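Engineer:
Number of protein chains: 2
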Amino acid sequence: MNHRAFKTEINEQFARIAKAIANTHRLELVDLLAQGERSVEELANEAALSIANASQHLQALREAHLIIARKQGLRVYYRLADPTVYQLVQLIRQIAERQLAEVERIIDTYLTERKVLEPVTINELISRLHEPGLIVLDVRPVLEYTQGHIAGARSIPIDEIQQRLHELPPDQEIVAYCRGAYCVFADEAVQLLLSHGYQARRMQQGYPDWKLADLPTETD
Amino acid sequence: MNHRAFKTEINEQFARIAKAIANTHRLELVDLLAQGERSVEELANEAALSIANASQHLQALREAHLIIARKQGLRVYYRLADPTVYQLVQLIRQIAERQLAEVERIIDTYLTERKVLEPVTINELISRLHEPGLIVLDVRPVLEYTQGHIAGARSIPIDEIQQRLHELPPDQEIVAYCRGAYCVFADEAVQLLLSHGYQARRMQQGYPDWKLADLPTETD
DNA sequence: CAAATATTCAATTGATTTATTGAATTATAG
DNA sequence: CTATAATTCAATAAATCAATTGAATATTTG
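For the protein sequence lines, the chains are A and P, in the order given. Each residue of the first sequence is one higher than the one before, starting from 2 at the first, in our numbering. Each residue of the second sequence is one higher than the one before, starting from 2 at the first, in our numbering.
1. Between P:T113, P:L28, P:I108 and P:R165, which has its C-alpha nearest V90 (chain P)'s C-alpha?
2. By the 9 Å beta-carbon criterion, what residues does the stretch 70-93 of chain A contribute toward chain P?
3. At a Cβ cut of 7 Å, what residues of the stretch 19-45 of chain P count as close to chain A, listed as they run along the chain?
4. Would Y178 (chain A) and A152 (chain A) be called neighbours here (beta carbons separated by less than 9 Å)?
5. Which residues of chain P have a Cβ atom closer than 8 Å to the Cβ of Q100 (chain A), listed in chain order?
6. In three-state terms, what does DSSP make of D221 (chain P)?
7. Would you mind telling me which residues of chain P sit closer than 9 Å to Y183 (chain A), beta carbon to beta carbon, in chain order?
8. For the putative contact between G223 (chain A) and T220 (chain A), defined by C-beta atoms under 8 Å, what is the C-beta separation to the nearest angstrom?
9. Using the rule of at least 16 other Cβ atoms within 10 Å of the residue's Cβ for burial, across every protein chain shown, is Q192 (chain A) buried or exposed?
10. How should Q14 (chain A) be labelled, buried or exposed, when 16 other C-beta atoms within 10 angstroms of its C-beta is the threshold for buried?
11. Pull up the distance between the alpha-carbon of A23 (chain A) and that of A16 (chain P), whole angstroms please.
12. Would you verify that the beta carbon of I96 (chain A) is, or is not, closer than 9 Å to some beta carbon of chain P?
13. Expressed to the nearest angstrom, what Euclidean distance is found between the alpha-carbon atoms of S156 (chain P) and R141 (chain P)?
14. Could you tell me whether the stretch 38-47 of chain P touches the stretch 71-84 of chain P, using the rule of 3 or more Cβ pairs below 8 Å?
15. Quick one: which unbroken beta strand (DSSP E) runs of 3-plus residues sit fully inside the stretch 161-202 of chain P? Chain order, please.
16. Any C-beta of chain A sitting closer than 9 Å to the C-beta of E161 (chain P)?
17. Would you kindly work out how many angstroms separate the C-alpha atoms of Q205 (chain P) and T122 (chain P), rounded to a whole number?
18. One question on the structure: do T85 (chain A) and T9 (chain P) come within less than 9 Å of each other, judged by their Cβ atoms?
19. In chain P, what lies closer than 7 Å to Y111 (chain A) by C-beta?
20. Taking a Cβ distance cut-off of 9 Å, strictly less, list which residues of the stretch 46-57 of chain P are near chain A, in chain order.
21. In chain order, which continuous runs of the beta strand (DSSP E) of length 3 or greater are located wholly inside the stretch 67-128 of chain P?
22. According to DSSP, is S156 (chain P) part of a helix, a strand, or is it coil?
23. Can you find a CB in chain A that lies within less than 9 Å of the CB of E189 (chain P)?
24. So for V137 (chain P), helix, strand or coil by DSSP?
25. Helix, strand or coil, according to DSSP, for S56 (chain P) in the structure here?
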């Protein structure tokens with residue numbers, strides 16, 4: 002048996018997976034797909050890529066079987082091939098947080114409130130989920146809320162909060178969540194809510210993390 | 002706040018981690034380092050790389066802070082920066098196993114016995130660890146056994162098994178383990194032991210997996 | 001069946017990564 | 001202080017990856 006050939010061939014396959022995810026744009030695309038199925042156009046818009054470029058990156062992910070395509074009418078819809086793919090992104094982030102000082106620096110630069118305002122962990126939210134005075138607020142676009150949200154959560158997309166503040170009773174505590182720890186929607190929502198006298202905090206992680214942990218979700 | 006700049010910068014950092022691991026040789030180097038600290042020369046020899054090339058790949062891993070260097074005398078010894086780094090390799094492998102048919106094909110080609118001989122899972126071994134008639138056999142090089150091994154395991158490196166068969170009582174069941182699921186030492190040991198009338202199986206995973214699961218280990 | 005739309009494919013260019021080689025650096029031993 | 005050994009650095013060529021552009025394909029609509 003040729004040890005060397007075996008090791009080389011098998012590690013080449015493992016490297017295929019790692020190479021597919023090892024790109025700024027593809028990481029963002031996977032993050033978006035973790036919210037649910039999306040068309041190429043939607044993904045291109047969200048990730049600020051040209052359609053052709055987005056398509057190319059999606060092909061790269063597809064070749065590594067990290068995502069699956071489904072054609073319906075004119076559109077091709079992509080989704081994650083396996084929840085483990087999102088877990089991979091999570092783990093990469095976790096290592097980056099621990100090992101790369103730059104990550105903390107970037108967060109401190111862009112999300113100045115993060116350091117001051119302690120986010121609510123998933124576990125904390127679980128234990129408080131049935132408190133009567135607590136509102137769990139999904140601030141992602143409505144489509145994403147529709148595709149799946151934390152059981153019992155209300156939807157007010159970040160773009161609409163300003164106009165819809167009256168829907169939120171001022172005496173209740175609000176926990177806002179969005180796409181994940183590196184999504185800024187919840188930070189912005191909390192900032193706005195706090196400035197209007199609400200008691201508000203963000204959930205540290207996002208919907209995909211909640212779902213991955215097999216916690217109660219709803220679709221509608 | 003500039004969303005786009007934040008997303009780009011933060012994902013660039015995450016991509017750094019993924020890019021560092023996304024190479025055939027670097028995956029092998031990390032796998033070796035999961036056994037314990039190694040010098041550049043040892044790593045180069047094991048991974049069949051020139052010293053300069055190995056050093057270069059090690060720099061790439063070091064720049065992403067996935068490994069740490071320690072200089073002692075003439076030699077530089079590298080080790081994993083965090084157990085999570087090995088977890089990353091594990092997860093990549095898990096995804097590759099599930100998603101890439103090639104992985105199964107390669108294993109079937111090189112490790113023909115794997116399909117027939119059911120390996121012992123870590124959990125199975127835990128529950129049987131205190132059976133009197135069971136020998137847990139570490140077939141890695143002695144150095145690696147010395148740096149850490151499954152509590153109670155005996156060491157006979159794969160190269161020496163043939164000559165040292167007499168040390169193994171023929172009536173006891175043997176579970177052999179090595180560096181990991183994609184290390185062939187244990188497969189070869191089991192094959193040899195079976196051909197000499199022993200009852201032998203390999204542990205599915207390797208020592209780093211055992212250690213990562215915080216199971217009892219010994220050093221000597 | 002032609003027009004319109006979403007996506008992919010193909011070709012090009014520039015940027016990044018990899019392997020190789022030999023020189024430079026650092027530490028030890030005599 | 002010199003010779004030796006281990007590792008890193010620097011320079012190069014080859015290979016691979018990324019972004020852009022425009023053409024090609026597939027599906028729907030009229």
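A virtual CB, placed ideally from N, CA and C, is assigned to each residue, including glycine. None of these values were measured; they are calculated from a predicted model.
Structural biologist: Once the coordinates are examined:
1. Checking every option, the nearest Cα to that of V90 (chain P) belongs to P:L28.
2. Within the stretch 70-93 of chain A, A82, D83, T85, V86, Q88, L89, V90, L92 and I93 place their CB atoms closer than 9 Å to a CB of chain P, listed in sequence order.
3. Along the stretch 19-45 of chain P, the positions whose C-beta sits under 7 Å from a C-beta of chain A are A19, K20, I22, A23, N24, T25, L28 and E29, read in chain order.
4. 9 Å or more divides the Cβ of Y178 (chain A) from the Cβ of A152 (chain A).
5. Within 8 Å Cβ-Cβ: I18, A65, H66, L67, A82 and D83.
6. In this structure, D221 (chain P) counts as coil in the three-state DSSP scheme.
7. Within 9 Å Cβ-Cβ: F7, K8, I11, N12 and F15.
8. The question about residue 223 (chain A) has no answer here: the residues shown for chain A are numbered 2 through 221.
9. So Q192 (chain A) ends up on the buried side.
10. Around the beta-carbon of Q14 (chain A), 16 or more other beta-carbon atoms lie within 10 Å, marking it buried.
11. C-alpha of A23 (chain A) to C-alpha of A16 (chain P): approximately 5 Å in a straight line.
12. Yes - at least one Cβ of chain P is within 9 Å of the one on I96 (chain A).
13. Approximately 8 Å between the Cα atoms of the pair.
14. These segments touch.
15. List check, beta strand (DSSP E) in window: 174-178.
16. Not closer than 9 Å to any Cβ of chain A, the Cβ of E161 (chain P) fails to qualify, so no.
17. The alpha-carbon atoms of Q205 (chain P) and T122 (chain P) are separated by roughly 5 Å.
18. No, Cβ-Cβ distance for T85 (chain A) and T9 (chain P) is not below 9 Å.
19. Neighbours of Y111 (chain A) on chain P, chain order: M2 and F7.
20. Residues of the stretch 46-57 of chain P that bring their beta carbon within less than 9 Å of a beta carbon in chain A comprise A48 and A49, in sequence order.
21. List check, beta strand (DSSP E) in window: 68-73 and 76-81.
22. Of the three classes helix, strand and coil, the one that applies to S156 (chain P) here is strand, per DSSP.
23. Yes, E189 (chain P) lies at the interface with chain A (some Cβ there is under 9 Å from its Cβ).
24. DSSP places V137 (chain P) in strand when its eight states are reduced to three.
25. The DSSP-derived three-state label of S56 (chain P) is helix.
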